[in-house]
Each structure stands twice: as C-alpha cells, then as structure tokens.
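So the sequence shown is residues 8 to 615, counted in the numbering used here.
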Amino acid sequence: MDETRKLQISDIVQRKQNAFQPIKTRVVDVGYTNANVWMQLKLENKSNSQIDWRLYFHENFKQIFHIYIVSNDGKITHVLNQGLTSGFATRPIAYPEIVAPITIAQNERKTVYVQFWTEGSTNLPLSIETIESFTAIATRNFAKQFVFYGMMLILIVAALLAWIALQHAIFPAYIAYAGSTLLYLLHSDGVAFQYLWPGFPAFNSYASVVTGGSYAIFGALYAKVFLSTPKEHPVIDKFLLAIILVVSAMIISGLFIDPRLIKKFLIIVVLVSLMVFTLAAILAARKRFKEVRFYVFAWLGACISASMMTLRHWFGIEISQQFQYDSMRFVMIFDAVMMGLAIADKYNQLREQRQRALQNSLKQAERNLDMTTRLQGLEARYELITKDASRRDELFENTIHDLRQPLQALRLAVHGAMRSDAKTADKQYGDIYDSFDYVDAILADWNEKHEQSESKNPVIDMKIGEILSSIYEMFLPDAKEKQLEFKFIPTSLNISIPPLDLMRIVSNLVSNAVKYTPSGKVLLGVRRGVRKIYVEVHDTGPGLTEEEFHDACKRGMRLDQTVSDTKGKGHGMAIISELAHKNGFEFRLNPGRSSGTSLSIAIPNEPH
Numbered sequence: 008m009d010e011t012r013k014l015q016i017s018d019i020v021q022r023k024q025n026a027f028q029p030i031k032t033r034v035v036d037v038g039y040t041n042a043n044v045w046m047q048l049k050l051e052n053k054s055n056s057q058i059d060w061r062l063y064f065h066e067n068f069k070q071i072f073h074i075y076i077v078s079n080d081g082k083i084t085h086v087l088n089q090g091l092t093s094g095f096a097t098r099p100i101a102y103p104e105i106v107a108p109i110t111i112a113q114n115e116r117k118t119v120y121v122q123f124w125t126e127g128s129t130n131l132p133l134s135i136e137t138i139e140s141f142t143a144i145a146t147r148n149f150a151k152q153f154v155f156y157g158m159m160l161i162l163i164v165a166a167l168l169a170w171i172a173l174q175h176a177i178f179p180a181y182i183a184y185a186g187s188t189l190l191y192l193l194h195s196d197g198v199a200f201q202y203l204w205p206g207f208p209a210f211n212s213y214a215s216v217v218t219g220g221s222y223a224i225f226g227a228l229y230a231k232v233f234l235s236t237p238k239e240h241p242v243i244d245k246f247l248l249a250i251i252l253v254v255s256a257m258i259i260s261g262l263f264i265d266p267r268l269i270k271k272f273l274i275i276v277v278l279v280s281l282m283v284f285t286l287a288a289i290l291a292a293r294k295r296f297k298e299v300r301f302y303v304f305a306w307l308g309a310c311i312s313a314s315m316m317t318l319r320h321w322f323g324i325e326i327s328q329q330f331q332y333d334s335m336r337f338v339m340i341f342d343a344v345m346m347g348l349a350i351a352d353k354y355n356q357l358r359e360q361r362q363r364a365l366q367n368s369l370k371q372a373e374r375n376l377d378m379t380t381r382l383q384g385l386e387a388r389y390e391l392i393t394k395d396a397s398r399r400d401e402l403f404e405n406t407i408h409d410l411r412q413p414l415q416a417l418r419l420a421v422h423g424a425m426r427s428d429a430k431t432a433d434k435q436y437g438d439i440y441d442s443f444d445y446v447d448a449i450l451a452d453w454n455e456k457h458e459q460s461e462s463k464n465p466v467i468d469m470k471i472g473e474i475l476s477s478i479y480e481m482f483l484p485d486a487k488e489k490q491l492e493f494k495f496i497p498t499s500l501n502i503s504i505p506p507l508d509l510m511r512i513v514s515n516l517v518s519n520a521v522k523y524t525p526s527g528k529v530l531l532g533v534r535r536g537v538r539k540i541y542v543e544v545h546d547t548g549p550g551l552t553e554e555e556f557h558d559a560c561k562r563g564m565r566l567d568q569t570v571s572d573t574k575g576k577g578h579g580m581a582i583i584s585e586l587a588h589k590n591g592f593e594f595r596l597n598p599g600r601s602s603g604t605s606l607s608i609a610i611p612n613e614p615h
C-alpha cells in the first residue's frame, strides 16, 4: 500500500520481497482507500512451448491502472498505461473490462506488477485465461448483454409508443426510470466507456454516481406518478421528494468534494430509496392491490439486488462481481417487466374507472333530461293556467297558488341535483320525483274539477308521516336558501284522510311559515289528541293576533306587516281555511305563544 502515491515501478522492483503481503481472500479488496495499491504476481512457464495468456480483470475501470511485466534480465514492459486522461483507445485489448496480454516463452520467468488507484471500491476480481477461454468468456458475456440490452430497449420503445398514443405522464416517468437503469448497467459493464463516451475518462470516472443517482431520482419520480402519492399518500410523497433532493445534492457535491465518500454512501442511499419505494408500494397495495401488485413485486426484486451490493461494498462479504452483475441484470429485466405489467394493470383499472364514470354520467344525464322535460311540461301547463286565472273562479286561483311554491322548490332541487355527483344525487332524485307526483296530482285535480265541476278527493287510509315527509323535502331548499333551521318530527300514525287536500293544506302552512319567517326556525310535526290528531307548524316569525288570524283567512287579504316583504296574493290562509272546512277539519291559531306563530289543523281520528 503506497500511502504517499509517489512510488514508481523501479522503486517497487527494488523492494524486498517481504514488502508484499499475501492476498488471503478470493477477491482483491482493501476497502476504500486513497493509497496506490500495488500487486505482484510471479509466473513461470514450465511447458514445452510459448504461452499466450490474458490477465483478465473483471472490472470496467479504475482511475489509474498500470500493468508492468518484468523479465529475468530486469527489462520492464509497460503493458497497460491508463491515467486520468486516458481514453478507451489506449487499452491494448478492446474489451469493456480491463484485459492485458501476457506472453511467456518456454522455461521463462516473469513478474507481473499491477498498480491502481480508484475513487471508489478497490474490489478487483481477476483471473488468468488462455486466449481460447477468454474468447469463450467474451462471447458468453456479449450474448448476455445483447439479450439484456435488447429486452430493455424493447420495453423502453414500447413505453415511448404508448406515451405517443395515450399521452399519459406515467410513460415518460417509466422511460426515464428504465433508461437510467439501462445506463447504469451499461456503465457497470464497461460498454458505456467503450461506445458512448470513449474519449471522456473524467466523466467515466464519475459516471457511476450520475447513473446510480439517476436510478434513485427517476425511481422516486416514477413512484410519485404511478402511486399518485401527492393525493393518495402525502407522507410518503414527502419522503420521495426528500430522496430526489438528497440524491441530487450528492451528485452535485461530488464535483467539489472527494468523490470516494459520495460513491460509498450513495450505495446506502440507493438501498434506503428502494426500501421507501417498496414501502410505498405495500401501503398502496393495502387499498388497491390489483392496481399495484406487479409494482410491489418489482421493487422487492430491486431491493434484493441493492442489498447484495451493500453487503459486498460495506461489509466485505465476498460476493462474486460476475454473480452480482448477473443478478442485477436478471433483477432489472424482472423489474422492468413487472413495471410494464404494472402500467398495463393501472391503465386497465383507469379504463374501467372511466367506463364506470361514463355510465354513471350517462345515467345521471338521462335522469336530468327526464327531470328537465317534466319540469318544462309542468311549467308550460302552469303558464296556461296562469293566463286563464283572470277569467276563472276561485278554483283556478287556488290551483295557481298551490302550484307556485312547489314549482319554485322543484326548480331549486332539480338544478341542485344536476350539479351533484352520482352518489349524493340518488337521494335527491327520490325527493324530486315525489314533488313531481304532487304537482301532477294538483294539475290532475284541476283538470278533473274543470271538466266535471268540483268533486271530493278519495279518502285513503295511509301514514300521515309520508305526506308530511314529502312536504318537508319539498320546502327544505327554500328554508336553506333563507338560512332557516327547518325541522320535521317524523310520525308513524295511520289516518283515513284525503291525501291531496291534506298536502295542499300543510304545503300552504309550511310555505307561509318559510315565507314570513325572516330568521330562526320552522317546525313541522304531529301531536296526538284523544279523538283528534293535530298537524302543527311553528315558526319564529313576527306572529299573529287572533284578529289578524281571522283577517288572514279571508281571500285576497294580506297583512300590512308582510305586504312589502314577500310576494303573493293572500290566498294561502283562505285555501287552508276552505279545504279544512270542506273536510271537517279545524284550522286554528294556537294560543299562548310569546313570539312567532303556531298554527294547527285538528283532524278527527275516530277509532275503527
């Protein structure tokens, strides 16, 4: 170990033999050091012919790498001379990894000296091969690389075509991730220095940081896009952003500080990054396994490969570099295929979601169209009645009054439902169609009375709570618009009543309460008596005296306190009074209120 980095080959040759220590491990590795490492190998040819060997270092690059061969007569041959500025063309044998020729004549002895210095790991696997065995190794490696690079390029091109066709952000993210993976392995194999940047040894010296760091950065970006972490996993998204920033800072800082530290610690950072990617995938799989299942498998495989590299470089565990690189190739192909399948899975899920959303949208559009058509039909019929109102009797005035408020409520409800999403609109649709039925019933009743004079509504034994619930839903939008608190107390009472008349009575009661209450509350409910039930409406409006109540029950009478504040012709209370009298109900002002108005309809409820 030359800590001074000043010794020359002549100094080394003159040193005593005990200056060298035997290598006791299968692979040369003296850890991360700034010293020049010198190795000595003595060879002797005892065969009957000349031997041509290849000194094969299973390493693509060292910043400084020299091989000297010293003959018995002391002659020194500089077989390999690679410095900080030496391009790929200076190598004696054009091969991605470092190879030097050794020729030894019959009965000749030679000593090989290897000197190297590196900014990274000193791990240096080596072997001595014949020309034939080296050719077989080179052919085998070329075949493996050809298959691996070809598969990676096919996947990248497929993603590029998919990006052009589908214009989805996941494809450029995958291309960047797969491209950085391919570039890292091209550099690790030495192919990048041979074909991509053979004249830039300074960049090649730092390329492991750039390509390895890019693998972590683009892996994080791909995870953000694929897993939608900003929306689905905001905490994990912050970790991914931290990985991008930390690795970027390490790549940049390596240009100004000792790259050896960056290379050493980047191995740990990449491993931690892969663990975060895997954790993010597992968390996503808990809720949407079918969408991210292949993504989980892909990162689990990548973690295994990164763990092997960490064990080798940090803990000195002897793992063959060839085995490591082969495992990396296998894992990367597996990883790339899994990522491709993951994209296909995600795309299929997105397509199914769009299909369901389209069906829901179509269903809602059909409902909206039906509601709009019915609303337009009702409004057209209402306009016809309005035009005839001035020439008709009180029946038409009553019908117009009863229709005005429900139609207004329907307009608000229909427009609200059309703006709602499919889930929240379902409940609204039911209420809207109940209101449609009520308005249809009023119009049908008007037509029947117009053609056959006035006839009584049929008496039906039904739950009064269902009628009141429909009225509550009908007027709830108006109450909310005025910021009133509108409460309805449900009831399960059964009673024999003409439902349409009761709906008209209670609708007018609630309409007046909402209309004339500037702020506060409106309450609708039922109270059971001995032989009667009482439908009551209470509000926190200005209130009524007994005299004002009787005046309000007269047709066309509007109280002075309400004339300037609300719209209407003063028919509401008269309609209530007339319908109550016709059906034998009692319409009254409840006494004892200190504020607001309390009105009730007493309905006989004789036991069967």
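Every residue, glycine too, gets a C-beta built ideally from N, C-alpha and C.
Limits of the unbroken alpha helix (DSSP H) element including residue i
{"i": "Ile177", "result": "Ile177 to Asp196"}
{"i": "Met159", "result": "Ile138 to Leu173"}
{"i": "Gln122", "result": "Where Gln122 is concerned, there is no enclosing alpha helix (DSSP H), although the beta strand (DSSP E) it sits in stretches over Arg116 to Trp124."}
{"i": "Phe556", "result": "Glu553 to Ala559"}
{"i": "Lys7", "result": "Summary: the structure shown does not reach residue 7, with the chain confined to residues 8 through 615, and so no result is reported for it."}
{"i": "Leu228", "result": "Pro208 to Leu234"}
{"i": "Gln21", "result": "Ile16 to Gln21"}
Start and end residues, beta strand (DSSP E) containing residue i
{"i": "Pro108", "result": "Ile105 to Ile111"}
{"i": "Ile83", "result": "Ile83 to Gln89"}
{"i": "Thr604", "result": "Thr604 to Pro611"}
{"i": "Tyr75", "result": "Ile71 to Ser78"}
{"i": "Glu66", "result": "Segment: none, Glu66 is in no beta strand (DSSP E) and carries neither H nor E."}
{"i": "Phe495", "result": "Glu492 to Phe495"}
Option nearest residue i by Cα separation, candidates the options
{"i": "Gln70", "options": "Asp196, Met257, Ala145 and Ser128", "result": "Ser128"}
{"i": "Val4", "options": "Lys245, Leu248 and Thr236", "result": "Absent from the model: residue 4. The displayed extent of the chain is 8 to 615, so no value can be given."}
{"i": "Arg388", "options": "Ala448, Ala26, Val537 and Phe272", "result": "Ala448"}
{"i": "Asn130", "options": "Arg363, Lys271 and Ile502", "result": "Lys271"}
{"i": "Phe100", "options": "Val119, Ile138 and Trp124", "result": "Rather than Phe, the amino acid found at residue 100 in this sequence is Ile. Minimum Cα distance to Ile100 is reached at Ile138."}
{"i": "Asp468", "options": "Ile19, Pro505 and Asp444", "result": "Pro505"}
{"i": "Ala249", "options": "Val279, Asp80 and Asp558", "result": "Val279"}
{"i": "His109", "options": "Trp124, Asn52 and Arg381", "result": "Note on identity: in this sequence residue 109 is Ile, with His being the wrong assignment. Comparing Cα positions, the closest option is Asn52."}
{"i": "Leu247", "options": "His175, Met282 and Glu554", "result": "Met282"}
{"i": "Leu87", "options": "Gln122, Phe225 and Ser368", "result": "Gln122"}
{"i": "Ala107", "options": "Arg116, His73, Gly94 and Phe495", "result": "His73"}
{"i": "Thr498", "options": "Pro484, Ile474, Met510 and Asn515", "result": "Ile474"}
{"i": "Asp546", "options": "Leu596, Lys539 and Gln360", "result": "Leu596"}
{"i": "Val164", "options": "Tyr181, Phe153 and Lys539", "result": "Tyr181"}
{"i": "Asn41", "options": "Gln15, Thr11 and Phe556", "result": "Thr11"}
{"i": "Thr118", "options": "Tyr156, Phe225, Ser78 and Phe263", "result": "Ser78"}
{"i": "Tyr229", "options": "Ile251, Pro208 and Arg147", "result": "Ile251"}
C-beta contact flag for residue i and residue j at 9 Å
{"i": "Leu606", "j": "Glu543", "result": "yes"}
{"i": "Ala581", "j": "Ile512", "result": "no"}
{"i": "Ala288", "j": "Leu234", "result": "yes"}
{"i": "Gly599", "j": "Gly548", "result": "no"}
{"i": "Leu189", "j": "Leu160", "result": "yes"}
{"i": "Leu491", "j": "Val517", "result": "no"}
{"i": "Thr218", "j": "Ser187", "result": "yes"}
{"i": "Phe200", "j": "Phe64", "result": "no"}
{"i": "Ala486", "j": "Val521", "result": "yes"}
{"i": "Val44", "j": "Val37", "result": "yes"}
{"i": "Ile177", "j": "Val232", "result": "yes"}
{"i": "Ser17", "j": "Ile105", "result": "no"}
{"i": "Arg116", "j": "Lys49", "result": "yes"}
{"i": "Pro103", "j": "Asp196", "result": "yes"}
{"i": "Ala609", "j": "Ile540", "result": "yes"}
{"i": "Val198", "j": "Ile224", "result": "no"}
Residues bridged to residue i (per DSSP)
{"i": "Gln47", "result": "Tyr120"}
{"i": "Met510", "result": "None; Met510 has no bridge partner."}
{"i": "Met469", "result": "Ile502"}
{"i": "Tyr541", "result": "Arg534 and Ala609"}
{"i": "Leu262", "result": "DSSP output for Leu262 lists no bridge partner at all."}
{"i": "Asp59", "result": "Thr110"}
{"i": "Arg595", "result": "Ser607"}
{"i": "Ser134", "result": "Tyr63"}
{"i": "Asp9", "result": "Asn43"}
{"i": "Lys528", "result": "Glu492"}
{"i": "Val35", "result": "Leu131"}
{"i": "Asp546", "result": "Val529 and Thr604"}
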